[in-house]
């Protein structure tokens, strides 16, 4: 998921390969995206967004909404704190029965 400098959020929806560790012979395609200064990339596991009762799409929409709600100053200087503040509302309805990982990467400078 990519938060652009103007606050808009895009879901990067390139077709993924099989999960890591699955013993299949497959070609795994590279995915590239140009990141402009002020952009924030959010990488996450399905445990953050997927709920058994509703599937994954509503959770992806929640994550996009939460990521878009932060100001540039939150993403430019305090990523650890911002990640913690993102996790609270996103996990409030979770049964915590799956792994959860969130990695935020912010692009500084020209």
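Residue numbers (the numbering used here): 13 to 122.
Backbone N, C-alpha and C fix where the C-beta goes; we use that ideal spot for every residue, glycine too.
When secondary structure is reduced to three states using DSSP, residue 21 falls in the strand class. Residues of the same chain with a CB within less than 6 Å of the CB of residue 61, apart from the 5 flanking positions on each side, are 68, 71, 72, 75 in chain order. For residue 90, the closest alpha carbon among the candidates 43, 112, 63, 119 is that of 119. Residues of the same chain with a CB within less than 8 Å of the CB of residue 16, apart from the 5 flanking positions on each side, are 22, 48, 50, 51 in chain order.
For residue 75, the uninterrupted alpha helix (DSSP H) segment begins and ends at 69 to 80.
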